[in-house]
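This report concerns only the one structure given below.
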Amino acid sequence: MIVRLDVAAGLPAVTSLVAATDFGAFHVEVRHAPASTPTGPEIDAALRAARAGALGPDQQHVLVDVAALRRLAVEAGASSPQWNAGLDAMLSYAAGRGWLSADGAAIQAHVEFATG
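Using my numbering, you'd call the opening residue of the sequence shown number 651 and step up by one each time.
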């Protein structure tokens, strides 16, 4: 599952869910203009503006809001009882690895960059 954060045209960023049923490949893809790669604070601002999450305390990962994942799944037409069960299993796995916030509201993801 990929949370795509498109900042190529500036803010507000456009968020979407790609490969929504691939629960084993979770990450955030930041699409940006070829001329510059967004900085951590810019990624944080874009995630917050999109109500999708925030930059993590380590400044290397992002914390994606679980509610945003559910909202993006609905927008992508992927939400179903099976999808929710897959998400719950992914969140359980993440919790066991320490990748889920203490309150369970956010999941840690690494960031990959793409131009577009």
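Idealized CB from N, CA, C, for every residue including glycine.
- With a cut-off of 8 Å on Cβ pairs, the segment 655-666 is not in contact with the segment 734-748, counting fewer than three such pairs.
- Taking C-beta atoms as the reference points, H711 and A752 fail to come closer than 8 Å.
- With respect to the 8 Å criterion, E692 and E762 are not classified as neighbours on the basis of their beta carbons.
- In the DSSP assignment, the residues bridged to G703 are V714.
- Per DSSP, reduced to three states, the secondary structure at Q709 is coil, with no helix or strand assignment.
- With 16 or more other Cβ atoms from the protein chains shown falling within 10 Å of its own Cβ, G703 counts as buried.
- If you check the CB distance, A718 and T671 do not come in under 8 Å.
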